[in-house]
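Numbering (my numbering), first residue to last: 12 to 418. Quick reminder that beta carbons are idealized off the backbone N, C-alpha and C, glycines included. Comments concern the structure below.
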């Protein structure tokens, strides 16, 4: 058996040392490679993140919002108050019967227009005509008795002077004649009342107006002054429009109304031309629950465009405001802090400017505080804006002389 010598053993140790050294070197290389790879990964991720953030920043930056602007101007504008009004009939009549009887005839159609004096209803007249005849008979009887009593009084005048009859007998004859004379007067009153009852059996329209719904129909028994009314008539020529304005305008309204009739325009919902009337009534007290004063305007309403119960946009003209700051009304916005407008600055950004507004007139609002002539305000496109936002002016409008906006 051959045994390895010492030289072989030394070779094996060297080989093993070399192997361990190589393994150690390999592990070091792997660790270095892994660390370098992680470092490269972090650098790459940071580079990609920087690129991504730049792109995201470019993507999230909002584009300039397209808007339409108008210039702030100084003008003479009408001083007007605007409110929502309710149309009321000039007068309303609830037609009721003044006698009790059967309703025999109806001489109209529901909803038709009637004139004063037109026949509306007829009741059974026979009982009232019979009462007239009875009253006439009673009157005729008492008149005959009165004539006889007056003739006796004339005869007894001579007899009492001659002393043929006593004074007591004469006084009795005269008293009887006086009583019969009073009875005749009462009979005449009863006859007039019976004739009036006959006229009450025919019901006529007391005003010009428009008939409403027929409540009681032919053939029904009706009672004097019973509810509900037989029919209701609304007079709509002329007609009233009632509206309320804040109490702070009471003084100028009273002041201007003392100088003459104030013009009031009422725009019905149909969108046609506004009806023009005049202020006719100022209430004698301010409504403390709402802080408003009730006003009423009268309109001729010949075309009958205004109808009772209808709502209308009311404009009360007080006078003319001279050389005031104005902007189109669509530029004025409402926020939690009050009214404001978006003002376009030189760098094409917008600023939300608080303003104090006065009265408005046909699309133009008077600005009492917050704006200067020559500035530009946004009139369209406000929904996309926030303070500091960039804008792109698409077009510009200017307040027209009549208060509207013309492009």
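- Counting C-beta pairs closer than 8 Å gives three or more between the region 389-398 and the region 356-368, which meets the contact rule.
- Nearest neighbour of residue 271 by Cα position, chosen from 224, 165, 187, 292, turns out to be 292.
- According to the DSSP assignment, residue 307 belongs to the beta strand (DSSP E) that extends over 303-310.
- Residue pairing from DSSP leaves residue 359 without any beta-bridge partner.
- Inter-segment contact for the region 174-192 and the region 73-91 is absent: fewer than three beta-carbon pairs are separated by less than 8 Å.
- Between residue 96 and residue 254, the gap from beta carbon to beta carbon is short of 8 Å.
- For the 8 Å CB-CB criterion, residue 78 and residue 358 do not form a contact.
- Going by beta carbons, residue 244 and residue 110 fall outside the 8 Å limit.
- Secondary structure within the region 165-230: the beta strand (DSSP E) runs of 3 or more consecutive residues, fully enclosed, are 213-215, 220-222 (chain order).
- Considering only 80, 257, 241, the residue with the shortest C-alpha distance to residue 300 is 257.
- Counted as a single uninterrupted DSSP element, the beta strand (DSSP E) harbouring residue 388 occupies residues 387-391.
- In the structure shown, residue 290 adopts extended strand secondary structure according to DSSP, grouped into three states.
- Of the residues assessed, residue 367 falls on the exposed side of the cut-off, its CB having fewer than 16 other CB atoms within 10 angstroms.
- The Cβ neighbour count for residue 326, taken over all protein chains shown within 10 Å, is at least 16; the residue is labelled buried.
- Spatial neighbours of residue 206 in its own chain (CB-CB distance under 6 Å, excluding positions within 5 residues in sequence) are listed in chain order as 143.
- Assigned with DSSP and collapsed to three states, residue 266 falls in helix.
- Under the DSSP assignment, residue 331 falls in the beta strand (DSSP E) whose first and last residues are 322-339.
- Non-local beta-carbon contacts of residue 156 in its own chain, meaning distances under 6 Å to residues more than five positions away in sequence, involve 191 in chain order.
- Following the DSSP letters along the chain, one finds residue 253 inside the beta strand (DSSP E) bounded by residues 242-257.
- Contact between residue 388 and residue 338 holds, since their C-beta atoms are separated by about 5 Å, short of 8 Å.
- Under the DSSP definition of a beta bridge, residue 116 partners with 133.
- Ranked by Cα distance from residue 312, the options 298, 177, 286, 295 are led by 286.
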